[in-house]
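The sequence shown finishes on residue 1512 if you use our numbering, and the numbering steps up by one all the way, no holes. In this text, a Cβ means the ideal position worked out from N, Cα and C, and glycines have one as well.
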Amino acid sequence: MEQRRIIQILRHGVPDETACVRGWVRTKRELKQFSFVEVNDGSSLANLQVVLDPELPDYDTLVKCLNTGASVEVSGTLVESPAKGQRIELKATTVTVCGEVDSETYPLQKKRHSFEFLRTIAHLRSRTNTLGAVFRVRNAASDAIHRFFQERGFLWIHTPILTASDCEGAGELLSVTHFDLADVPRTEAQAVDYSRDFFGKPAYLTVSGQLEAEVMAMAFGNVYTFGPTFRAENSNTSRHLAEFWMIEPEMAFCDLAGDMDLAEDFLKYLFNAVLEACPEDMEFFNQRIDKGVLERAENILRHDFERVSYTEAIELLEKADRTFEFPVEWGVDLQSEHERYLAEELLGKPLIVYNYPRNIKAFYMRLNDDEKTVAAMDVLVPKIGEIIGGSQREERLDVLERRIRESGLNREDYWWYLDLRRYGSVSHAGFGLGFERLVQFVTGMANIRDVIPFPRAPLTIDF
Ligand code: 4AD
Ligand code: MG
């Protein structure tokens, strides 16, 4: 008998067809004439209702074993469902319990569990409605990301996870070493002797694939990466992870305006794709997680993003009739309270802030003619704040060398990056979209730890 995914049966199954499904029991109801078991195989939010007739062989033992969480294989015939809210159900002819569950100890009971509790059972939480919906949306968004870039002729490149250079210069690098930490080799001056470590020099987990993406853009024009990045940020917030996925396009022969256009098209494309691929999951988020999810999605699709310079943004914040925890004046970095005020309260839609002060941004961003600002841009969205950070890159060798020096970085570490400015340099630009922040934004999930299967954060690395 043909094995089918439950989503396919719920959407396209017709009465009298035979079908076989495999999945996990969500609930069981024992009635006098029949028993009902809801089975979920992860393909959809909705379960398939399986009807068990007492005529089935070993009916009593079978029903006893069909506890929440048990894995089953069911074959039978599809019948029209008399129950409300579902079109079709499966009348079982054979049921095999593959793996039983001790219902005394199974942590996922029928009741609603808090997300905090679910984080302590990350190995089981994907079997809940909410996490199931999150990871289906995550999958749909990943798929759409590749389609977006492939349709536009961008080359998908793979940048290294292990690196010797700090792209952002923010000192948030996690070290990678092969030393026995109880016996670290030292130089005569008692400094750590990295020449004897695995790579012969200090090595780290990458914070961004950008520098390598720039290398590849100088050969292929338009490229993108989609991979994990790591930051030892000690911020225990609902928007920071120590390991997160980032999408980084890089475009040669492109300036800041082109970069902003791509970022806006990209976000719109992703929203549209998720709404199309996961309508039931999105409806669920709208009903159960955040009532504004669908309206925000519509809003994104229908309206242009506002574009304001950093200087204008500061003026808007100074005019706001409220006091911020972090005072505002030209030159300060925007805090999440500022970003959210602009996106959520003032404009009620995404905005792109550009031309930030050079002193608060990374060394590689192109210096503007005013010498005070750089051609940087951040996309800020309601609820989240910064979701994308990008810039036009400094393509002039002399200016870049100066900026590396001023930023206190080691020029020798960047010799190959500087070479790009010596051999066929061209204006280019790109950005990084934090994938988990995107999934948060799309689904309305409050905590970033609930949109990645196995979150890594300070003191959090189980599973
Ligand atoms: O603004 P960021 O630091 O930009 C870069 O890394 C650039 N090199 C990207 C580029 O131009 N190619 O980070 C980009 C995005 C942020 O806007 C945010 O969405 C996300 O990455 N992000 C994080 N997401 C989760 N946890 C963290 N700790 C994050 N730090 C940044
Ligand atoms: Mg940033």
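heavy atom of the ligand 4AD below 8 Å from residue i C-beta
i, result
"Gly1438", "yes"
"Cys1303", "no"
"Gly1134", "no"
"Ala1171", "no"
"His1227", "no"
"Leu1446", "no"
"Ser1385", "no"
"Phe1480", "yes"
"Phe1333", "no"
"Asp1427", "yes"
"Val1491", "no"
"Val1488", "no"
"Gly1258", "yes"
"Ala1291", "yes"
"Gly1483", "yes"
"Ile1056", "no"
"Thr1278", "yes"
"Ala1266", "no"
"Ala1411", "yes"
"Ala1262", "yes"
Sequence-distant residues of the same chain with beta carbon closer than 6 Å to residue i, five excluded per side
i, result
"Asp1499", "Phe1164"
"Ser1385", "Gly1434"
"Thr1226", "Asp1246"
"Ala1281", "Glu1221 and Leu1223"
"Ala1095", "Leu1059"
"Glu1066", "Leu1127"
"Ala1038", "Given that the chain is displayed from residue 1050 to residue 1512, the structure contains no residue 1038 and the question cannot be resolved."
"Val1123", "Val1070, Val1099, Ala1141 and Val1144"
"Tyr1359", "Val1402, Asn1404 and Tyr1405"
Cβ neighbours of residue i in the same chain (closer than 8 Å, five flanking residues each side left out)
i, result
"Ser1244", "Lys1250"
"Thr1117", "Val1074, Arg1075, Thr1076, Lys1077, Val1150, Ser1152, Tyr1155, Leu1157, Gln1158 and Lys1159"
"Asp1304", "Ala1424, Gln1441, Ser1476 and Ala1478"
"His1352", "Lys1398"
"Ala1190", "Leu1319, Ala1322, Val1323, Phe1484, Leu1487, Val1488 and Val1491"
Any non-hydrogen atom of the ligand MG within 8 Å of residue i CB
i, result
"Asp1215", "no"
"Asp1308", "no"
"Asp1418", "no"
"Asp1468", "no"
"Glu1388", "no"
"Glu1435", "yes"
"Asp1151", "no"
Euclidean distance between Cα positions of residue i and residue j
i, j, result
"Pro1502", "Arg1471", "43 Å"
"Thr1169", "Ala1506", "14 Å"
"Glu1299", "Val1272", "5 Å"
"Thr1208", "Glu1263", "10 Å"
"His1061", "Glu1129", "12 Å"
"Leu1311", "Val1241", "44 Å"
"His1162", "Phe1083", "29 Å"
"Ala1301", "Arg1345", "33 Å"
"Thr1255", "Ser1214", "8 Å"
"Arg1235", "Glu1374", "45 Å"
"Glu1382", "Ala1132", "Here the sequence assigns Asp to residue 1382, which means Glu is not the residue at that position. Going by the C-alpha atoms only, they are around 56 Å apart."
"Phe1166", "Phe1184", "18 Å"
"Ala1193", "Ile1296", "12 Å"
Same chain, Cβ closer than 7 Å to residue i, five either side skipped, listed in chain order
i, result
"Val1186", "Val1323, Cys1327, Asp1330, Val1488, Val1491 and Thr1492"
"Asn1321", "Leu1350"
"Glu1388", "Leu1429, Gly1434 and Glu1435"
"Phe1279", "Leu1223, Leu1254, Thr1255, Val1256, Ala1291 and Glu1292"
"Ser1092", "Arg1054, Ile1055 and Ile1056"
Where residue i sits in the DSSP three-state scheme
i, result
"Thr1179", "helix"
"Leu1482", "strand"
"Cys1327", "coil"
"Arg1345", "helix"
"Cys1216", "coil"
"Ala1171", "coil"
"Cys1069", "strand"
"Gln1052", "strand"
"Gly1091", "coil"
"Arg1136", "coil"
"Ala1252", "strand"
"Met1267", "helix"
"Thr1236", "coil"
"Trp1465", "helix"
"Tyr1472", "coil"
"Cys1114", "helix"
"Met1309", "helix"
Contact test: residue i Cβ vs the ligand MN heavy atom, cutoff 8 Å
i, result
"Ser1284", "Although the ligand MN was asked about, the structure shown includes only the ligand 4AD and the ligand MG as ligands."
Proximity test, Cβ basis, 9 Å: residue i and chain C
i, result
"Tyr1472", "Here chain C cannot be found, since the structure has a single protein chain."
### Query
Can we say the stretch 1285-1293 touches the stretch 1194-1206, given the rule of at least three CB pairs closer than 8 Å?
no
### Query
How do the stretch 1094-1111 and the stretch 1128-1147 stand: do at least 3 beta-carbon pairs fall below 8 Å, yes or no?
yes
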